[in-house]
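A quick write-up on the structure given underneath.
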Amino acid sequence: MLKTDIQIAQESTMLHIRDVAGKIGLSEDDLDFYGKYKAKISLEVLKRNKDKEDAKLILVTAINPTPAGEGKSTVTVGLGQALNRIGKKTVIALREPSLGPVFGVKGGAAGGGYSQVVPMEDINLHFTGDMHAITTTNNLLAAAIDNHIHQGNALNLDIRRILFKRVMDMNDRSLRQVNVGLGGKPNGFPREDGFMITVASEVMAILCLATSLEDLKERMGEIMIGYNLQGEPVFAKDLKVQGAMALLMKDAIMPNLVQTLENTPAIIHGGPFANIAHGCNSILATQTALKLGDYVVTEAGFGADLGAEKFLDIKCRFGGLNPSAVVIVATVRALKHHGGVLKADLSTPNVDALKKGIVNLEKQIENIRKFNLEPVVAINRFMSDSVEELQFIEEFLNNIHVNVALTEVWEKGGEGGEALAHKVVEVAEKSGTYKPLYDVDKSIKEKIETIVKEIYGGSSVAYSAQAEKTIKEIEAMGLHKKPICMAKTQYSLSDNPKLLGAPKNFEVKVNEVKLSNGAGFIVCLTGDIMTMPGLPKVPAANLMDIDEEGNIVGLF
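Heads up: the sequence shown begins at 1 in full-length UniProt numbering, then just goes up one per residue.
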């Protein structure tokens with residue numbers, strides 16, 4: 001019987017975190033300890049090493065995800081372990097999981113099998129409290145807005161046009177739209193409001209894009225909270241709360257250090273969703289990792305059309321990052337799903353369906369090459385994969401001159417990723433300089449349409465009346481020269497989750513546009529995307545438990 005991820009993790013032998021830190025040249029003075037196996041890394045480490053040459057940066061992305069699973073985080077961890085096995089001093093840089101999907105349906109973000117980061121129970125639950133700090137910081141600003149209105153509204157805020165929402169780190173659809181201030185004069189002025197999940201908060205985006213505590217504080221002040229009665233923008237700094245917000249984030253801004261099952265150092269920090277936010281771990285974590293190893297393996301959320309595009313067009317711009325290679329994770333099962341096979345039949349060999357579905361992988365390869373980067377495909381092997389199916393993928397990729405490696409890191413850990421590691425080193429050692437997809441100085445619509453046509457394969461973009469109005473307002477304020485953060489379904493290259501494979505000549509509908517002025521990008525919501533998910537009919541929480549001795553069961 002196969003062991004569960006949590007059983008494998010609980011049987012592992014972890015080093016004290018001081019010994020993990022020692023592998024990458026860190027001393028106890030560089031750390032704030034959170035028990036024996038977790039620590040925060042002082043920002044002084046990055047300052048001290050600022051003139052040191054950066055490591056090679058490897059981005060791990062994937063095809064469009066399916067119910068069959070692709071194992072992107074598992075491959076990220078396994079590749080990091082494999083690179084260490086072949087003699088490359090490697091640090092892994094990952095996102096923090098959100099409690100919403102942990103207790104909902106998607107699961108955590110700690111990898112799986114013998115390619116996990118540990119302690120996985122802590123990482124997938126409260127970890128070092130960063131999510132709570134972000135939630136509290138966000139809600140301090142929300143409380144300050146309503147308090148300002150209650151106390152006389154000196155800024156003449158238009159309560160019909162408050163843009164900033166409250167957040168919580170849980171899937172709760174009932175909070176998407178709420179009324180606040182009910183109950184009479186003592187409770188303030190009634191108005192419509194709503195909640196987002198914490199990982200969709202602009203505060204989360206700011207944490208992940210800030211380059212210092214001072215930068216974070218300035219960005220907090222630049223959050224646009226709404227409009228006044230004259231139609232002019234109002235910012236968080238007008239309420240004079242950016243200092244208090246930064247104070248709440250003084251510990252959360254420090255990257256978190258843990259380890260893999262093979263004791264490879266892993267820095268886990270920040271966790272914006274990739275379908276409703278920019279989907280990358282923090283710049284500070286990645287920059288710190290780049291100063292501590294020879295190779296850094298990081299990931300971006302969901303498929304290359306979402307996470308990788310945002311990593312390359314948003315994060316790399318702000319962080320001055322130059323990735324050396326990109327790994328695209330694919331599975332036989334997921335490609336058959338894109339070829340029209342139902343989930344119940346994915347274990348049955350079907351080369352014909354694979355031929356239909358492989359167009360999704362082909363499009364994601366094309367997308368990565370648009371950034372002047374060369375991809376390496378990792379075929380994440382499942383036991384049900386037939387020899388004929390694996391051969392078909394390898395031959396297909398060889399014919400279009402793409403590096404490919406069969407990967408078995410779930411079952412074998414770093415050993416199962418050595419072939420991939422050698423391919424990645426080969427590509428990374430001769431890499432050039434990546435280039436972003438578009439010029440940020442172009443109009444909002446030009447940038448949106450470039451992403452839709454070049455990355456998604458769509459033919460046109462339609463805008464709601466509300467989106468048109470917001471675009472005009474942002475451009476009139478002169479705040480449009482920013483990257484675009486597309487909020488789109490992860491399941492399709494289009495904005496329709498049912499369009500699998502590589503659809504063409506479709507229209508993308510932009511329903512809403514939001515200015516994340518502090519973060520420094522413009523969010524465009526398409527399709528049915530919501531910034532507060534709901535729980536499924538049978539949440540993962542129903543299967544979880546803890547006994548009298550503190551043993552956890554059901555957590556993956």
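Ideal Cβ placement from N, Cα and C applies to all residues, glycine included.
Test item: CB-CB of residue i and residue j under 7 angstroms
i	j	result
residue 92	residue 297	yes
residue 12	residue 261	yes
residue 144	residue 531	no
residue 291	residue 52	yes
residue 277	residue 306	no
residue 527	residue 495	yes
residue 279	residue 300	yes
residue 311	residue 358	no
residue 467	residue 424	no
residue 427	residue 377	no
residue 462	residue 529	no
residue 104	residue 171	yes
residue 14	residue 233	no
residue 380	residue 329	yes
residue 508	residue 327	no
residue 74	residue 83	no
residue 226	residue 162	yes
residue 315	residue 339	no
residue 497	residue 313	no
residue 236	residue 242	yes
residue 303	residue 542	no
residue 5	residue 382	no
residue 456	residue 373	no
Three-state secondary structure (DSSP) of residue i
i	result
residue 444	helix
residue 103	helix
residue 241	coil
residue 87	coil
residue 416	helix
residue 193	strand
residue 456	helix
residue 557	No answer is possible for residue 557: the residues shown for the chain start at 1 and end at 556.
residue 287	helix
residue 562	Past the edges of the chain, shown from 1 to 556, lies residue 562, and the structure says nothing about it.
residue 115	strand
residue 383	coil
residue 509	strand
residue 529	coil
residue 33	strand
residue 435	coil
residue 169	coil
residue 226	strand
residue 186	helix
residue 423	helix
residue 393	helix
residue 79	helix
Delimiting residues of the beta strand (DSSP E) encompassing residue i
i	result
residue 298	295 to 299
residue 259	256 to 260
residue 157	157 to 162
residue 204	Segment 202 to 209 is the alpha helix (DSSP H) holding residue 204; no beta strand (DSSP E) there.
residue 18	Per DSSP, residue 18 belongs to no beta strand (DSSP E); it is in the alpha helix (DSSP H), 17 to 23.
residue 482	Careful: residue 482 lies outside any beta strand (DSSP E) and carries neither H nor E.
residue 39	39 to 41
residue 8	That residue, residue 8, is in no beta strand (DSSP E); its alpha helix (DSSP H) goes 5 to 10.
residue 558	No statement about residue 558 is possible, as the shown extent of the chain runs from 1 to 556 and does not include it.
residue 265	265 to 268
residue 179	178 to 180
residue 235	233 to 235
Bounding residues of the alpha helix (DSSP H) (the contiguous stretch that carries residue i)
i	result
residue 124	120 to 124
residue 402	Per DSSP, residue 402 belongs to no alpha helix (DSSP H) and is neither H nor E.
residue 216	213 to 221
residue 143	130 to 150
residue 469	465 to 476
Contact the segment 135 to 144 vs the segment 161 to 180: 3+ CB pairs below 8 angstroms: yes
Segment contact flag, the segment 413 to 421 with the segment 351 to 364, C-beta cutoff 8 angstroms, min 3 pairs: no
Segment contact flag, the segment 37 to 46 with the segment 143 to 158, C-beta cutoff 8 angstroms, min 3 pairs: no
Given 8 angstroms, three or more beta-carbon pairs between the segment 252 to 261 and the segment 126 to 134: yes
The segment 293 to 310 contacting the segment 111 to 119, beta-carbon criterion three pairs below 8 angstroms: no
Segment contact flag, the segment 92 to 106 with the segment 262 to 272, C-beta cutoff 8 angstroms, min 3 pairs: yes
Three-pair Cβ contact test at 8 angstroms for the segment 202 to 209 versus the segment 171 to 180: no
Inter-stretch contact (C-beta, 8 angstroms, three-pair minimum) for the segment 511 to 518 and the segment 219 to 227: yes
Runs of beta strand (DSSP E) wholly within the segment 44 to 74 (minimum 3 residues, chain order): 56 to 62
The segment 444 to 462 in contact with the segment 474 to 487 per 3-pair CB rule at 8 angstroms: yes
Contiguous alpha helix (DSSP H) assignments of at least 4 residues, all confined to the segment 300 to 373: 316 to 319, 332 to 338 and 351 to 369
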